[in-house]
Amino acid sequence: MATFRTVKGFRDLYPEDCASRDVILATWSRVARRYGFVPYEGPLVEATDLYRKKSGDEISAQLFCFEDKGKREITLRPEVTPSLARMATARQRDFRKPMKWFQIGSCFRYEEPQEGRSREFIQFNADIIGEGGPGADAELVALAIDTMLAFGIGAEDFAIRLSNRQVWTDFLTQQGLPEDKHPAFLQVIDKIQRAKPEVTAQKLSAIGISHEQVLAFMNQDFSEHPAFAALAADLKARGLWSFIKLDASIVRGLAYYTGTVFEVFDLRHGLRAVAGGGRYDKLCALISDGAVDLPAAGFAMGDVVLGILLERTAAAAKQHHEAVLAALQSDVFVIIADEARRPEALGIVQALRRSGLRVDFSLSPQKVGKQFQGAEAQRARLGVVVGSEYPQLQLKDLISRQQQLIDASQLQPAVEAALATAPSPPLIAGA
RNA sequence: GUGGUCGUAGCUCAAAGGUAGAGCCCCAGAUUGUGAUUCUGGUUGUUGCGGGUUCGAAUCCCGUCGAUCACCCCA
Numbered sequence: 493m494a495t496f497r498t499v500k501g502f503r504d505l506y507p508e509d510c511a512s513r514d515v516i517l518a519t520w521s522r523v524a525r526r527y528g529f530v531p532y533e534g535p536l537v538e539a540t541d542l543y544r545k546k547s548g549d550e551i552s553a554q555l556f557c558f559e560d561k562g563k564r565e566i567t568l569r570p571e572v573t574p575s576l577a578r579m580a581t582a583r584q585r586d587f588r589k590p591m592k593w594f595q596i597g598s599c600f601r602y603e604e605p606q607e608g609r610s611r612e613f614i615q616f617n618a619d620i621i622g623e624g625g626p627g628a629d630a631e632l633v634a635l636a637i638d639t640m641l642a643f644g645i646g647a648e649d650f651a652i653r654l655s656n657r658q659v660w661t662d663f664l665t666q667q668g669l670p671e672d673k674h675p676a677f678l679q680v681i682d683k684i685q686r687a688k689p690e691v692t693a694q695k696l697s698a699i700g701i702s703h704e705q706v707l708a709f710m711n712q713d714f715s716e717h718p719a720f721a722a723l724a725a726d727l728k729a730r731g732l733w734s735f736i737k738l739d740a741s742i743v744r745g746l747a748y749y750t751g752t753v754f755e756v757f758d759l760r761h762g763l764r765a766v767a768g769g770g771r772y773d774k775l776c777a778l779i780s781d782g783a784v785d786l787p788a789a790g791f792a793m794g795d796v797v798l799g800i801l802l803e804r805t806a807a808a809a810k811q812h813h814e815a816v817l818a819a820l821q822s823d824v825f826v827i828i829a830d831e832a833r834r835p836e837a838l839g840i841v842q843a844l845r846r847s848g849l850r851v852d853f854s855l856s857p858q859k860v861g862k863q864f865q866g867a868e869a870q871r872a873r874l875g876v877v878v879g880s881e882y883p884q885l886q887l888k889d890l891i892s893r894q895q896q897l898i899d900a901s902q903l904q905p906a907v908e909a910a911l912a913t914a915p916s917p918p919l920i921a922g923a
């Protein structure tokens with residue numbers, strides 16, 4: 493039994509876990525690039541005040557914060573949007589607008605871990621800064637949809653819940669609710685799907701709004717509401733409107749959202765939201781103390797809930813599993829059948845590697861059968877047997893099990909030809 | 001931070017107060033130049049950790065750490 497364990501809420505990633513994570517990260521990055529987003533990165537640690545300023549003190553309970561050796565209050569970032577706002581406002585003149593930036597990295601929350609919720613998780617963030625129009629909102633929603641589709645999660649598996657905080661702001665103004673009470677009200681709406689009706693009614697009456705009024709407002713048909721007109725026209729032109737479900741109960745938990753808000757949720761398993769985001773036009777001004785006022789919008793997608801959804805969606809699971817296996821397999825396994833020929837074999841290994849192929853071999857003398865087992869275990873596609881007949885070599889297709897005798901000087905082209913035609917290895921049984 | 005359930009080999013799990021086991025995995029051999037299957041043999045534990053009750057504790061009690069579920073929160 494190991495003496496040391498991972499710290500509570502943190503996980504080890506063994507090679508297969510890591511390959512799985514890498515496939516997810518690569519997909520995020522690929523789709524974001526397709527949309528013209530460029531990568532950036534902020535620090536993992538920020539001053540605790542950066543998050544207090546944005547979200548208020550009550551959020552500190554969830555912050556992974558501590559004091560450093562210089563007595564500074566610091567926090568492992570719970571999200572990257574404040575860092576982005578800080579970075580963007582600091583050098584906003586250096587970048588043409590709109591800034592379409594994405595980031596992938598770890599975030600931390602000090603919470604009780606359970607399935608779908610750990611203390612460290614990886615988030616994909618995509619944000620558009622300096623564009624206040626609905627086109628930016630549509631671009632982000634489209635990116636979120638295409639990201640899901642890229643994973644093999646289809647229209648029957650997920651949808652976008654979409655709303656606009658302005659709709660509620662107008663309602664509350666009309667009701668005569670002072671602006672300082674809006675956040676508390678929106679918190680209630682955020683929970684309205686999960687909370688018991690009595691609890692909701694009680695909370696609303698404490699604020700001074702009747703439950704019936706809220707329900708009546710929520711249940712109206714928003715499809716012709718002006719707040720969604722431009723966004724709807726844009727997404728319809730992209731052929732993506734069918735993914736959208738207008739839902740006034742979506743307001744997102746954080747205080748900084750100002751306009752369009754949306755989340756990606758699965759339709760089959762009742763999981764937590766896979767992604768969420770919206771427009772936050774006042775955050776840059778807040779972070780920069782009013783020095784820079786930039787409209788902005790963005791969303792974040794976490795790896796944990798997405799990973800669960802990937803596993804539970806058959807087509808996505810199959811695609812993902814294949815990608816993971818492909819990432820782990822090698823192209824060529826060099827088998828040393830005669831130890832006297834190890835020097836020649838090493839030369840072949842290095843030459844093939846230099847040509848860009850993934851090549852492995854046994855580091856110590858082993859029976860040929862063992863070496864083939866090694867090749868099998870890492871799902872190599874080709875075997876090259878170096879033995880006493882050198883400079884003749886056996887080139888074996890490890891899937892079809894056919895082999896040919898070739899001259900060492902012809903190895904490189906023969907390997908390339910074989911890899912170009914060889915099918916991918918069959919999936920492991922039960923995959 | 002609060003409450004419920006759980007913690008036994010690398011993994012999945014047996015053993016319900018009386019000597020800690022099975023399957024899988026892993027290693028070796030059958031098979032000294034060809035992968036599967038099969039067969040044979042082998043490694044693996046202070047039963048999460050600490051304390052208590054008992055002649056005797058994986059088992060009962062207390063504490064603690066971790067996992068999980070609910071609350072909470074969802075960036």
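Quick note on numbering: the first sequence equals residues 493 to 923 in my numbering. For every residue, glycine included, the Cβ atom is placed at its ideal position computed from N, Cα and C.
Using the beta-carbon count (16 or more within 10 Å), is residue i buried or exposed?
{"i": "R564", "result": "exposed"}
{"i": "G799", "result": "buried"}
{"i": "T498", "result": "exposed"}
{"i": "D479", "result": "Because the chain spans 493 through 923 in this model, residue 479 falls outside it and cannot be assessed."}
{"i": "N617", "result": "buried"}
{"i": "A724", "result": "buried"}
{"i": "T913", "result": "exposed"}
{"i": "S575", "result": "buried"}
{"i": "G790", "result": "buried"}
{"i": "A651", "result": "buried"}
{"i": "D662", "result": "exposed"}
{"i": "F496", "result": "exposed"}
Beta carbon of residue i, beta carbon of residue j: below 8 Å?
{"i": "A832", "j": "V877", "result": "no"}
{"i": "D726", "j": "A630", "result": "yes"}
{"i": "F610", "j": "F502", "result": "Here residue 610 turns out to be Ser, not Phe, going by the sequence shown. Cβ distance < 8 Å, so S610 and F502 count as in contact."}
{"i": "E603", "j": "Q667", "result": "no"}
{"i": "E538", "j": "T567", "result": "yes"}
{"i": "S910", "j": "L890", "result": "Looking at the sequence provided, one finds Ala at residue 910 rather than Ser. Their beta carbons are not under 8 Å apart, which means A910 does not touch L890 by this criterion."}
{"i": "A577", "j": "L775", "result": "yes"}
{"i": "T769", "j": "R657", "result": "Before going further, note that residue 769 is Gly rather than Thr in the sequence given. Not in contact: G769 and R657 (Cβ atoms no closer than 8 Å)."}
{"i": "L536", "j": "R569", "result": "yes"}
{"i": "E755", "j": "R653", "result": "yes"}
{"i": "L786", "j": "G622", "result": "yes"}
{"i": "A888", "j": "G875", "result": "As written in the sequence, residue 888 is Lys, which differs from the Ala given in the question. Result yes, Cβ atoms of K888 and G875 sit closer than 8 Å."}
{"i": "M793", "j": "T639", "result": "yes"}
{"i": "D773", "j": "L801", "result": "no"}
Report the residue from the options whose alpha carbon sits nearest the alpha carbon of residue i.
{"i": "P531", "options": "R522, A539, V537", "result": "R522"}
{"i": "R601", "options": "A788, V633, F558", "result": "F558"}
{"i": "S734", "options": "P857, Q904, A647", "result": "A647"}
{"i": "M591", "options": "K561, P570, L632", "result": "L632"}
{"i": "Q615", "options": "V572, A582, I898, G644", "result": "V572"}
{"i": "A580", "options": "A777, G625, I596", "result": "A777"}
{"i": "V766", "options": "F825, V797, P787", "result": "V797"}
{"i": "C510", "options": "H812, L874, D823, D638", "result": "H812"}
{"i": "S880", "options": "Q904, D899, R871", "result": "D899"}
{"i": "R760", "options": "E803, L838, N711, A721", "result": "E803"}
{"i": "A518", "options": "D795, R871, Q870", "result": "D795"}
{"i": "Q584", "options": "Q679, A636, D758, S780", "result": "S780"}
State the Cα-Cα distance for the pair residue i and residue j, rounded to the nearest angstrom.
{"i": "D672", "j": "G745", "result": "16 Å"}
{"i": "L732", "j": "P835", "result": "59 Å"}
{"i": "D586", "j": "A783", "result": "15 Å"}
{"i": "D852", "j": "A807", "result": "32 Å"}
{"i": "I684", "j": "S512", "result": "35 Å"}
{"i": "V816", "j": "L505", "result": "14 Å"}
{"i": "T692", "j": "D682", "result": "11 Å"}
{"i": "R544", "j": "S702", "result": "31 Å"}
{"i": "Q895", "j": "D649", "result": "45 Å"}
{"i": "S854", "j": "I827", "result": "7 Å"}
{"i": "V515", "j": "Q694", "result": "46 Å"}
{"i": "E814", "j": "L820", "result": "10 Å"}
{"i": "L844", "j": "A837", "result": "11 Å"}
{"i": "S715", "j": "R525", "result": "32 Å"}
{"i": "P626", "j": "A788", "result": "11 Å"}
{"i": "Y749", "j": "A719", "result": "15 Å"}
{"i": "R873", "j": "E612", "result": "36 Å"}
{"i": "Q842", "j": "R871", "result": "20 Å"}
{"i": "G644", "j": "A729", "result": "23 Å"}
{"i": "F594", "j": "F529", "result": "6 Å"}
{"i": "L903", "j": "V824", "result": "11 Å"}
Taking 7 Å as the line, does the beta carbon of residue i fall inside it for any heavy atom of the ligand COA?
{"i": "S854", "result": "Absence of the ligand COA from the depicted structure is noted, as is the absence of any ligand whatsoever, leaving it without description."}
Task: Those runs of the alpha helix (DSSP H) which lie wholly inside the region 507-540 and span at least 4 residues - done: With a minimum length of 4 residues, the continuous alpha helix (DSSP H) runs that stay inside the region 507-540 are 507-526.
TODO: At 4 residues or longer, and completely inside the region 709-770: list those alpha helix (DSSP H) runs for me, N to C.
DONE: Uninterrupted alpha helix (DSSP H) stretches at least 4 residues long and entirely within the region 709-770 occur at 721-729, given in chain order.
Open item on the list: Which complete alpha helix (DSSP H) runs does the region 790-875 hold, if anything under 4 residues is left out?
Closed with: Here the runs fully enclosed are 795-804, 806-820, 834-846, 860-869.
Open item on the list: Please give the ranges of any alpha helix (DSSP H) in the region 641-689, keeping only runs that are unbroken, at least 4 residues long and fully inside the region.
Closed with: The region 641-689 contains these whole alpha helix (DSSP H) runs: 657-667, 674-683.
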